[in-house]
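Note sheet for the following structure.
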Amino acid sequence: MNNSPRQDMPSDTKPRKFPPRPDDGFPLLGNMPAFAGNQLGYPGKVTRKYGDIVDLNLAGWRTWLVSDMEALEQILVRDHGKFIKTPLIWRQIRAVFGFGLLSSDGSLWQHQRRLAAPHFTPRRVQDYDALIVSLARKEVDRWQDETTFDIHPHMMNLMLRIVTGTMFDADAEFEVEIMERALTLLLKEMAHRFRRPVLIPDWVPLPSNRRYLRAIGEIDGVVDRLLQERRVNGTRGRTDYLSSLMDSRDESGQPMSDTQIRDEAVTVLLAGHETTALTMTWAFYLLARHPDIQAKVIAEIESEIGHRDATSADMPKLQYTQAVITESMRLYPAGWMFGRETTEDCEIKGYHCPRGTQILIAPWVLHRDPRYYDTPEAFRPERWLDGLAQRLPRYAFLPFGGGPRICIGNSLALLETTLSLVTILQRGSLEWRGDHPVKPYPSATLIPQGGVHVAFRRRSGEGACKDRLAAASSPS
Numbered sequence: 055m056n057n058s059p060r061q062d063m064p065s066d067t068k069p070r071k072f073p074p075r076p077d078d079g080f081p082l083l084g085n086m087p088a089f090a091g092n093q094l095g096y097p098g099k100v101t102r103k104y105g106d107i108v109d110l111n112l113a114g115w116r117t118w119l120v121s122d123m124e125a126l127e128q129i130l131v132r133d134h135g136k137f138i139k140t141p142l143i144w145r146q147i148r149a150v151f152g153f154g155l156l157s158s159d160g161s162l163w164q165h166q167r168r169l170a171a172p173h174f175t176p177r178r179v180q181d182y183d184a185l186i187v188s189l190a191r192k193e194v195d196r197w198q199d200e201t202t203f204d205i206h207p208h209m210m211n212l213m214l215r216i217v218t219g220t221m222f223d224a225d226a227e228f229e230v231e232i233m234e235r236a237l238t239l240l241l242k243e244m245a246h247r248f249r250r251p252v253l254i255p256d257w258v259p260l261p262s263n264r265r266y267l268r269a270i271g272e273i274d275g276v277v278d279r280l281l282q283e284r285r286v287n288g289t290r291g292r293t294d295y296l297s298s299l300m301d302s303r304d305e306s307g308q309p310m311s312d313t314q315i316r317d318e319a320v321t322v323l324l325a326g327h328e329t330t331a332l333t334m335t336w337a338f339y340l341l342a343r344h345p346d347i348q349a350k351v352i353a354e355i356e357s358e359i360g361h362r363d364a365t366s367a368d369m370p371k372l373q374y375t376q377a378v379i380t381e382s383m384r385l386y387p388a389g390w391m392f393g394r395e396t397t398e399d400c401e402i403k404g405y406h407c408p409r410g411t412q413i414l415i416a417p418w419v420l421h422r423d424p425r426y427y428d429t430p431e432a433f434r435p436e437r438w439l440d441g442l443a444q445r446l447p448r449y450a451f452l453p454f455g456g457g458p459r460i461c462i463g464n465s466l467a468l469l470e471t472t473l474s475l476v477t478i479l480q481r482g483s484l485e486w487r488g489d490h491p492v493k494p495y496p497s498a499t500l501i502p503q504g505g506v507h508v509a510f511r512r513r514s515g516e517g518a519c520k521d522r523l524a525a526a527s528s529p530s
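Sequential numbering from 55 applies to the sequence shown in the working numbering.
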């Protein structure tokens, strides 16, 4: 932990300059109470007041909140090797991800990234069209017409089935049910860990720690059974991600260890389904709250796709639908904040950044900055239809992160969300049934607090959904 004073004055150099620090700090805890009490609002508040680089003291951790475009270029791209994944976050959940692609650094990360990359190219993910549509169809066919339900767990289940099928070539109902239960518990426990300022070791026999480790054990059990099945039946002719992990060899010809295979598999399972499920959940929340926009999406689907199954070849035709998804990720980025840590002293925008400084980057703040977005709080998919993406500064829109460590699964995530959304809206429309707007809960990801309660109104005839939505959106 780096607790060096803010103004170091070596005898042979001039006084070092540090970013401004908010004046709401407390002894020992520093700015942590203010930050923890309003994790979504506080970063934007201090950025507006103190500038695009703010120096925080989070319970002894020197932490910079960075929103400056040039600084982000340095951190994420130009000097990315000097900025590792921040332990301020990962120290709380090391037992979950181990040293998988999401949490590793250096040569291990480079090796694992090269191994994983072929499975996530735009050309490769096209092979998953039929599976994604089939699973989305099965999901929506289970929904009861006109019955209020929380769509979030349904999207979690759907995306878990998609990632299990696409990455592991597995669809065992029993295993999916185990993973769904364990992952739900694990995400809940992770949310608590992200909000506490101190590290409590996993071996401390707290009820929460026991639940956390039990959930990890259940997920590990599923991965182990999948590995054993591959060892019995072989991987010949199988091209899924798990088989490629088992077949891989390093420079000396050694296979990947079971521990590393486990870490990579769990990383894909957890990160590959939750963030995409949240994108779907927030998109359907916004569409249900804006029936006029939902009607436009359905009209585009009817015009470009009709009643046939959508494919990746249809993506360029679905411009408004994809604008809705993009706007949903702008307003509610699943990865609302991510971090780095400096591995050596450096200078950022004229400020001295000591080794060990935690760097926080908040897409939640960047995506709602009026310098880049007109009426930033409004849900306006049309903003993306006139070349906005090309005009924006490079790091003003970061739903998948940026630089060499940009999310490797972004192409697959966009395909999953688009084809699933189209498949569901081909069959009906969503009606808002909540009592009040949903508040986002900032954990490791941005979770809809209390759920997203909607009803599905199944299509009863040609154009019925569009007509019903148009009526719902007209003044009474």
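No residue lacks a Cβ here, since even glycine has one placed at the ideal position from N, Cα and C. It should be emphasised that the depicted structure is a prediction, and the values quoted were computed from it without experimental measurement.
Range covered by the beta strand (DSSP E) that runs through residue i
i	result
Leu509	The sequence as given places Ala at residue 509; Leu does not occur at that position. 507–512 is the extent of the beta strand (DSSP E) around Ala509.
Glu272	Here Glu272 belongs to no beta strand (DSSP E); instead the alpha helix (DSSP H) covers 261–287.
Gly393	392–396
Leu484	482–486
Tyr405	405–407
Beta-carbon contacts of residue i that lie in its chain and below 7 Å, excluding the five residues immediately before and after
i	result
Arg178	Pro172
Arg102	none
Lys371	Glu358
Pro430	Arg422, Asp423, Pro424
Classification of residue i by the beta-carbon crowding that lies within 10 angstroms, buried from 16 upward
i	result
Trp257	exposed
Phe89	buried
Leu253	exposed
Gln164	exposed
Asn287	exposed
His490	exposed
Asn211	buried
Lys192	exposed
His361	exposed
Ser514	exposed
Ala367	exposed
Phe80	exposed
Gly517	For Gly517, the predicted model reports a pLDDT of 45, less than 50, meaning its position is unreliable and no value from the coordinates is stated.
Residue j beta carbon less than 8 Å from that of residue i
i	j	result
Gln373	Leu439	yes
Leu582	Ser121	As shown, the chain starts at 55 and ends at 530. That puts residue 582 outside it, with no answer to give.
Gln412	Arg247	no
Thr313	Val506	no
Leu296	Leu280	yes
Asp317	Gly154	yes
Gly455	Gly389	yes
Phe510	Trp197	yes
Pro74	Tyr96	no
Ile129	Arg394	yes
Val492	Gln480	no
Ser466	Ala190	Per the sequence shown, residue 466 should be read as Leu rather than Ser. No.
Pro435	Glu381	yes
Ile273	Ala236	yes
Val108	Pro76	yes
Ala337	Leu500	no
Tyr405	Pro494	no
Thr396	Lys71	no
Asp133	Cys400	yes
Backbone secondary structure at residue i - three-state DSSP
i	result
Ile460	coil
Pro370	helix
Asp183	helix
Glu339	The sequence given here has Tyr at residue 339, not Glu. Here Tyr339 sits in helix by DSSP.
Gln146	coil
Asn57	Caution applies to Asn57, whose pLDDT of 44 falls short of 50 and renders its modelled position unreliable; the value that the coordinates give is listed next. Residue state, collapsed to three classes: coil.
Asp223	coil
Gly455	strand
Arg116	strand
Phe24	Outside the shown range of the chain, which is 55 to 530, sits residue 24, and nothing can be said about it.
Glu436	helix
Pro502	strand
Other residues of its chain near residue i: CB distance less than 6 Å, five sequence neighbours each side excluded
i	result
Arg512	Asp199, Gly482
Val217	Gly326, His327
Ser302	Leu169, Met310
Asn263	Asp256
Tyr449	Met123, Leu126, Gly456
Close beta carbons around residue i, own chain, < 8 Å, minus the five adjacent residues each side
i	result
Val150	Leu240, Met244, Ile270, Val320, Leu324
Leu234	Here residue 234 is Glu; the residue named in the question, Leu, does not match the sequence. Met210, Asn211, Leu214, listed in sequence order.
Gly84	Leu110, Asn111, Leu112, Ala113, Gly114
Ala526	Because Ala526 sits at a pLDDT of 48, beneath the cut-off of 50, its placement in the model cannot be relied upon, and the following sentence gives the value as read from the coordinates. So the list reads Pro345, Glu485, once near-sequence residues are dropped.
Leu185	Ile216, Gly219, Thr220
Thr201	Ala509, Phe510
Run of the alpha helix (DSSP H) containing residue i, from where it starts to where it stops
i	result
Leu130	Unbroken run through Leu130: none, as it is neither H nor E.
Tyr295	295–301
Val419	417–420
Phe89	86–91
Leu162	160–170
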